[in-house]
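Taking it in order: structure first as structure tokens, then the write-up.
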Amino acid sequence: MRVSWQERFAETPDVLIGARLRRTVVPVLDFAIGGDEFITMAGPCSVESEPQLMATAHHVRRAGARVLRGGAFKPRSSPYAFQGLGLEGLKLLVAARKETGLAIVTEVMSESDVPVVAEFADILQVGSRSMENVSLLEAVARSGRPILLKRGMVATIADLLRSAQVILDYGNPNVILCERGIRTFETALRNTFDAAGIALLKQITHLPVIADPSHACGHRDLVPALARIGIAAGSDGLLVEVHPNPDKALSDGDQSLDFAEFEAMMAALEPWIRLRGITAREETSDEHGHAGSCPLEAVG
Ligand code: PEP
Ligand code: MN
619 MRVSWQERFA
629 ETPDVLIGAR
639 LRRTVVPVLD
649 FAIGGDEFIT
659 MAGPCSVESE
669 PQLMATAHHV
679 RRAGARVLRG
689 GAFKPRSSPY
699 AFQGLGLEGL
709 KLLVAARKET
719 GLAIVTEVMS
729 ESDVPVVAEF
739 ADILQVGSRS
749 MENVSLLEAV
759 ARSGRPILLK
769 RGMVATIADL
779 LRSAQVILDY
789 GNPNVILCER
799 GIRTFETALR
809 NTFDAAGIAL
819 LKQITHLPVI
829 ADPSHACGHR
839 DLVPALARIG
849 IAAGSDGLLV
859 EVHPNPDKAL
869 SDGDQSLDFA
879 EFEAMMAALE
889 PWIRLRGITA
899 REETSDEHGH
909 AGSCPLEAVG
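Here the sequence shown is numbered in my numbering, starting from 619 and rising by one per residue.
Put into structure tokens, the structure is as follows:
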């Protein structure tokens, strides 16, 4: 007998598409995620310095990004690697938002940092290594900010949905899911990009889904191909690492695009986005009524 997705994921009923909630559209500044505009979030893995961040912000803005990414608090696999600029990094992100109008997404690693990160950022990122940290999920949910929830590197789709359900349970409906690659037996690349997972999430949940081709492959040469795959699989946007000089980056340089590579990728992605029948660039977004307010569809 065929088991329905509702039965299969019965533990997390509120994240599933239902009769009353077919699509969650997350409002951020003057645009929305999960609506009819494809949203690119781009920037360095880590905020390193003012010149690095400002140059990157201006460049990604011109190339069509809506959101500036950049880690101020960095979860690193090695305890001796660069751990981020902390509060100083948050202040630089705010300065970049002021100069460019880009929204800010940045990771919050600890419950105790949630108030300060929520004060500065427009979207709080819960990283792969934190996806199952329930007290962090509760704290970010209560902040009221939209949450970019990255799939854990060894998390199943059901695990990801459970974490999303926790955030909804604490009263925050603005959850954005992010596929960033998972660990498999394949070691040629940093991770295995679960494109089928994106297609499945788009089919069964009402939440926006973002593809992170950078962490998924770990090699800048492959980022544009994975971005195309993410778009074809139905993602609502991308999270991409960009650095003025990737070879000198303090973290994730191998997978970071330089400015020219990012610009070329963005131009090359436009026809793929248009094939989906959604908008690639902001100048046409007004036609779809997404400038200004974009309320959530009723939760019932
Ligand atoms: C990041 O976005 O830089 C990051 C640390 O991602 P992840 O949590 O997916 O490893
Ligand atoms: Mn990174």
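Built from N, CA and C at the ideal position, the CB exists for glycine as well.
Practice prompt. Entirely within the stretch 649-697 and at least 4 residues each: give me those alpha helix (DSSP H) ranges in chain order.
Written response: Listed in chain order, they are 668-680.
Worksheet item: Is the stretch 647-655 in contact with the stretch 838-847, if contact means three or more CB pairs nearer than 8 Å?
Response: They do not touch, by the three-pair rule.
Worksheet item: Under three-state DSSP, which class holds GLY852?
Response: If DSSP states are grouped into helix, strand and coil, GLY852 belongs with coil.
Item to complete: Can you tell me which of THR642, LEU786 and PHE691 puts its alpha carbon nearest to the alpha carbon of GLU725?
Response: Among THR642, LEU786 and PHE691, the Cα nearest to that of GLU725 is on PHE691.
Worksheet item: If THR718 and MET884 are in contact, beta carbons under 8 Å, what's the gap, nearest whole angstrom?
Response: Taking C-beta atoms under 8 Å as the contact rule, THR718 and MET884 fail to qualify, at a distance of about 15 Å.
Item to complete: Can you check the stretch 776-822 for any alpha helix (DSSP H) of at least 4 residues that lies completely inside it and give the ranges in chain order?
Response: Listed in chain order, they are 813-822.
Worksheet item: Residue range of the beta strand (DSSP E) that ASN718 falls in?
Response: Just to set this straight, residue 718 is Thr in the shown sequence, not Asn. Where THR718 is concerned, there is no enclosing beta strand (DSSP E), although the alpha helix (DSSP H) it sits in stretches over 705-718.
Worksheet item: Expressed to the nearest angstrom, what Euclidean distance is found between the alpha-carbon atoms of PHE738 and PRO764?
Response: Distance between the alpha carbons of PHE738 and PRO764: 13 Å.
Practice prompt. Just jot down, in chain order, the residues whose CB lies closer than 5 Å to any heavy atom of the ligand MN.
Written response: One residue after another in chain order, those with a Cβ under 5 Å from a heavy atom of the ligand MN are CYS663 and ASP870.
Worksheet item: Can we count ASP830 as close to the ligand PEP, meaning its CB is less than 7 Å from some heavy atom?
Response: Taking 7 Å as the cut-off, one finds at least one heavy atom of the ligand PEP near enough to the beta carbon of ASP830.
Worksheet item: Going by the C-beta, is GLU750 closer than 7 Å to any heavy atom of the ligand ADP?
Response: Ligands in the displayed structure: the ligand PEP and the ligand MN; the ligand ADP is not one of them.
Practice prompt. Starting from LEU742, follow the beta strand (DSSP E) in both directions and report where the run begins and ends.
Written response: Its beta strand (DSSP E) spans residues 741-744.
Fill in: Proximity test, GLY745 beta-carbon vs the ligand PEP heavy atom, cut-off 7 Å
Result yes, Cβ under 7 Å from the ligand PEP.
Discussion item. I'd like to know whether the C-beta atoms of PHE880 and ALA714 end up nearer to each other than 8 Å.
Written reply: In this structure, ALA714 does not lie closer than 8 Å to PHE880 by Cβ.
Worksheet item: What is the DSSP secondary structure of ILE828, counted as helix, strand or coil?
Response: ILE828 falls in the strand class under three-state DSSP.
Worksheet item: LEU639: buried (16+ other C-beta within 10 angstroms of its C-beta) or exposed?
Response: Here LEU639 is buried, its C-beta having at least 16 other C-beta atoms within 10 Å.
Discussion item. What I want to know is whether the C-beta of ARG798 ends up closer than 7 Å to one or more non-hydrogen atoms of the ligand PEP.
Written reply: Within the cutoff, so yes.
Worksheet entry | GLU756 versus VAL784: straight-line alpha-carbon distance, rounded | Going by the C-alpha atoms only, they are around 7 Å apart.
Worksheet item: Tell me which same chain residues have a C-beta within less than 7 Å of the C-beta of ILE822, skipping the five on either side of it?
Response: So the list reads TRP623, PHE627, LEU634 and ILE635, once near-sequence residues are dropped.
Worksheet item: Going by C-alpha distance, which of VAL644, VAL621, GLN701 and THR810 is nearest ILE741?
Response: Closest option to ILE741, Cα to Cα, is VAL644.
Item to complete: Go through its chain and collect everything with a Cβ distance to HIS837's Cβ below 7 Å, but skip five positions before and after it.
Response: Excluding five sequence positions before and after HIS837, the CB atoms of its chain that fall closer than 7 Å to its own CB belong to LEU807, ASP872 and GLN873, given in chain order.
Worksheet item: In terms of DSSP beta bridges, what is VAL644 paired with?
Response: Residue pairing by DSSP puts VAL644 in a beta bridge opposite ILE651.
Practice prompt. Closer than 7 Å by C-beta to ALA736: which residues in its own chain qualify, once you throw out the five before and the five after it? Chain order, please.
Written response: Excluding sequence neighbours, ALA736 sits near LEU742, SER761 and ARG763.
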